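Asks: For what it's worth, the UniProt record's numbering labels the leading residue of the sequence shown as 1, then goes sequentially.
The C-beta atom is built at its ideal place from N, Cα and C for all residues, glycine as well.
None of these values were measured; they are calculated from a predicted model.
Provided herewith is a single structure, encoded as structure tokens, for subsequent inquiry.
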Amino acid sequence: GGHWTGFADLRPLEALDLRSNKIVSLRDDMSRMRSLKLLQVCSNDIRVLPAVMTLLPRLRVVHATRNRVSELPASFGLLQGTLTTLRLEHNQLETLPEGIQTLSALRLLSVDDNKLTSFSVTLPDALPNLQVLAIGRNKISEFSVTGPRALRTLRRLDMEDNAMKGWPEDLALCGRLWEVRLGDNEIAAISPSIGKLRRLRELFMTNNLLQKLPPEIRLAKSLSRLVLLNNPLAESPACALEPDTTGLFAYLSALLEGVTTGKGRFAGHRMLEVPNQLLESPNIVDLDVSDNGITQLPRNICRLNELQVLNLRDNELTDVPVELGLCSSLHTLNIDGNRFKELSTNICSMARLQVLTAARNQMKVLPCDLANMVGLVFLDIKGNEGMSEVASMMLKESVSRLMGYLREVQMGMVYGAVNLSRRGLTTFPIEVFIGCDRMEALHLAYNDITELPPTLGQMVALSTLDVSYNNLAALPEAIGALTRLTELHADSNSLTKLPDSFANLSRLEVITLEANPFESFPCNFMQGWGCLRELKLDTEHVVTLPDGAVHTSTELMPLEVMSLGLKKCLEYRQRLRACRATGSLDLSVMALWFMPASVLHMQMLTALNFTGNCLIALPDTLTALGSLTSLALNDNRLSLVPASIAELTRLKILSLMDNRLQQISPELGSMTQLDVLNVTNNEDLECPPQEIHRQGVKAILSFLRRVCRGTSHGQVELAGLQLETIMIPWPRLAPTLKALVLSRNALKVLPDEIGTLTALTALWVDNNQIATLPGMIARLSTLKSLALDNNAISGLSPGVCELVSLERLTLDNNQLRFLPPKLGDLQNLTLLSAANNRLTMLPASLASVASLRNVSLMGNPLAPLPPALRERLDIEMDIERQ
């Protein structure tokens, strides 16, 4: 250990190797070695490289690894024309002298395993020939290249195992980089500027904090190897962990396309979740993430306000979040080939959905809540093994037929009674088992059902079961579990015997078993039936039990009344007898679920009181009572007043208090003879709105006539009615309505349902209090005239720019500060009026609207118009200036 001597005798020497000699310093007289090209002093104890070594004019290579060098001479720049390789690994350097940046011949600089905390290149044209820079295993937290044209030939950068917390942005200035190693840092994101490294072939990012990859990485088109092991890549697909970048680039291309065009195509990318970058792009309208491994959708998918089509086919989903229903523009949903066991409430609540494909799942029954999807026009449930045959049969006919069926069952779930008679059913409708513990009455008469399932015994609350006029060969033993059953109708089947459990039905009061080829009965048949009032075994023989049994035809005695016992039956009969003398029938508080058929034949009836019953719907045959002048239907369960009521032309009093009305059919507006129409205490009644109710029967009928005119003439005029909300039968009006006049009201918003009026050509909502327009207005593709004068609008919805057929747009007397830049997309516009607003400029795109002839901008603080727009207006427009 110590100084090494003898330089004076080695002047012609070109290479000097002093490795592993425990040297602590080099003598100053080494400057005499004028021919030296290679200096090897590795694995010694040198603490300082002497400045004299920078005086060696031919020195090209310096290897000083594994020493204790803590600083370099400031004169290192003197070697700028000769030094090509400088290796200083495993030393104690904390900084590098600025002179190193002037080494114009340097091609390799290795300072691995030192104590550097930063690396900066500040001089212009610094290190112009450097190809390899190794600064790994230091403590570098900052990397910067500020010198113009610095590091312009750098091909390989090794900066692994440092303290970098962010991507070195200045790498974008090193356009010739082939390989970058940044493993074992704390980098959380790769900068989009990586797209500028067009020659980059290999990128190593092992053991960082990456959560996602920027779409711009696909612009680094030479990148063929990407190593991302041990990163929390929560949003990237499995292909992101493969060194081969083919699959990753396809994924990133799709990501970039989705963000920029609104159409995300991610089929087959082996993703485990929807990329969050897409969820931050509100303009996504079409998203395809089929054939991946997604197990759940994020709740913030509701951010996709413009999403219209969502393809989730062939994933691992079992449900969708309720927040998906907040995507108000979504009209098509594909969940084929997932693991759905049912269509949950989260899906069934999406009332605006038009297309739902749910094939190849694990569903066996369709929920009744599916009926809430009033906009559904296409449904596919093929490939669900064990799916209800009834639902499949209904769907084959039409979606509307299926919806009607489910709606009937749904209403039954609510009110405890389901009537599926005369539906052409060949199998038992298993949908009724949803909520079966609340089912009290089930009517399946006049079908072709051949078998009742053993699960029938689950309907423990059932009191009435009607399976007459089917093809049943037997009743299941499980029927004995229906211990609350009071009424059973199984006539006109193919029954040859009854199950032994039949004796358990001790509460039975009415049994009809006519027209069945019975061979025998259980030995305990009829034992313990103390409540039985009537038993029919065939069409000719009626067994009438003693003790005041009711012996009357069902035409005069409804089954509901029979189930209430003898006292109610006698009361019912007395009321019928009283009606013959007065022409007025009082059937109030009789617990009736249906209007008795015998009542509907009383053509001379003038007054009918059906208050306090359980009516769910009014029969169409009610119109046979043409002499009615008074009809009281208070305190029932009616949700709709049907159009057929309007055929009761003599009706003067119609009372519907305390029901569950949601709509009154517009046809009732033709009942001009009606003096009293009472619909109070119907909290859900939307049409007509409450503002009209308060004005009396004449106002209600006038409103209904106006709405009805829309279904026949294509125009609804509701101007000047002081309406605060618009509640009209949107589904009925949507196919035919062409003009809607809502002027001079008190409207503050337009409902989203306005977007369903796809045939609308004219919409007037002037003189209201509207501040914004709904996004659904963009669906009015046939709209030609839109009047928004005299409102409180401060900014137009972008949806207005999608009204491609619009010819007239009036916006006078609002609070507009600007018009949408894309207003020029309205190529059919002929008139634009925006007088008395706060406009300071016009969109330049208006200059491209060749059809525009009339423009009124009076009363706006307009700045000078752009030349292109001014030239266009001067030629073809008459502009009023303030």
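According to DSSP, is H443 helix, strand or coil?
Replies: strand
Asks: Using the Cα positions of T782 and C368, report the straight-line distance between them to the nearest angstrom.
Replies: 35 Å
Asks: Whole angstroms is fine: what's the gap from L592's alpha carbon to D635's?
Replies: Straight-line measurement puts the Cα of D635 at about 12 Å from the Cα of L592.
Asks: Below 8 Å, can you find three or more Cβ-Cβ pairs linking the region 608-615 to the region 641-651?
Replies: They do not touch, by the three-pair rule.
Asks: Can you find the residues in the same chain that come closer than 6 Å, C-beta to C-beta, to A832, ignoring five residues on each side of it along the sequence?
Replies: Before going further, note that residue 832 is Leu rather than Ala in the sequence given. Once the five neighbours on either side are set aside, the close Cβ partners of L832 are L809, V855.
Asks: What does the alpha-carbon distance come out to for the pair L157 and N91?
Replies: 19 Å
Asks: On the three-pair Cβ rule with 8 Å, is the region 724-739 touching the region 314-324?
Replies: no
Asks: Are three or more beta carbon pairs between the region 354-373 and the region 802-820 nearer than 8 Å?
Replies: In short, these stretches do not touch, since the Cβ pair count stays below three.
Asks: Cα-Cα, which of L826, N790, L197, L865 is closest to A850?
Replies: L826
Asks: Tell me whether G755 is buried or exposed, calling it buried when 16 or more other Cβ atoms sit within 10 Å of its Cβ.
Replies: buried
Asks: Assuming the contact rule is C-beta atoms closer than 8 Å, D752 and N767 should be a hit. Round their C-beta distance to whole Å, please.
Replies: Taking the Cβ atoms as the reference, D752 lies roughly 22 Å from N767, outside the contact range of under 8 Å.
Asks: State whether the region 408-424 contacts the region 373-384, with contact taken as three or more CB pairs (one from each stretch) at a distance under 8 Å.
Replies: no
Asks: Taking the DSSP output, what are the residues bridged to A762?
Replies: Beta bridge pairing from DSSP links A762 with A739, S785.
Asks: Answer yes or no: do A581 and Q603 have a C-beta to C-beta separation smaller than 8 Å?
Replies: no
Asks: Tell me the DSSP secondary structure of K382 in three-state form.
Replies: Taken through DSSP and simplified to helix, strand or coil, K382 comes out as coil.
Asks: Work out the CA separation of T146 and V121 for me, nearest whole Å.
Replies: 6 Å
Asks: Using only CA atoms, which one of T206, R198, N230, D125 lies nearest to I217?
Replies: R198
Asks: Please state if the CB of L816 and the CB of L846 are separated by a distance shorter than 8 Å.
Replies: no
Asks: How many angstroms separate the CA atom of V309 from the CA atom of I335?
Replies: 12 Å
Asks: Establish whether the CB of R181 and some CB of chain B are separated by less than 8 Å.
Replies: Of the protein chains in this structure there is only one, and it is not chain B.
Asks: Expressed to the nearest angstrom, what Euclidean distance is found between the alpha-carbon atoms of S141 and L200?
Replies: For S141 and L200, the distance between alpha carbons rounds to 23 Å.
Asks: Relative to the C-alpha of S193, which residue among G183, G166, A778 is closest?
Replies: G166
Asks: Starting from R181, follow the alpha helix (DSSP H) in both directions and report where the run begins and ends.
Replies: No alpha helix (DSSP H) holds R181; the beta strand (DSSP E) holding it covers 179-181.
Asks: According to DSSP, simplified to helix, strand and coil, what is R401?
Replies: helix
Asks: Using 8 Å as the threshold, is the C-beta distance between V676 and I653 below it?
Replies: One thing to note: V676 has its Cβ within 8 Å of the Cβ of I653.
Asks: M164 and N185 - do their beta-carbons sit closer together than 8 Å?
Replies: In this structure, the beta-carbon distance from N185 to M164 falls below 8 Å.
Asks: Tell me which residue opens and which closes the beta strand (DSSP E) that E202 is part of.
Replies: 202-204
Asks: Could you give the residue range of the beta strand (DSSP E) that holds residue 892?
Replies: Given that the chain is displayed from residue 1 to residue 882, the structure contains no residue 892 and the question cannot be resolved.
Asks: Please work out which residues of its chain come closer than 6 Å, Cβ to Cβ, to T426, disregarding the five sequence neighbours upstream and downstream, and give them in chain order.
Replies: D448
Asks: In this structure, does DSSP put S281 in helix, strand or coil?
Replies: Coil, per DSSP.
Asks: How many angstroms separate the CA atom of A134 from the CA atom of R155?
Replies: 11 Å
Asks: Mapping DSSP to helix, strand and coil, what is L433?
Replies: The sequence given here has Phe at residue 433, not Leu. Reduced to three states, the DSSP call for F433 is helix.
Asks: Is it the case that the region 467-478 contacts the region 487-494, given that we only count it when at least three CB pairs across the two stretches are under 8 Å?
Replies: yes
Asks: What is the DSSP secondary structure of E880, reduced to helix, strand or coil?
Replies: Confidence is the limiting factor: at E880 the pLDDT is only 45, short of 50, which leaves the residue's position unreliable, though a coordinate-based value still follows. DSSP places E880 in strand when its eight states are reduced to three.
Asks: Determine, using beta carbons only, whether C801 and P774 come nearer to each other than 8 Å.
Replies: no
Asks: Need the endpoints of the beta strand (DSSP E) that R225 sits in, please.
Replies: 225-227
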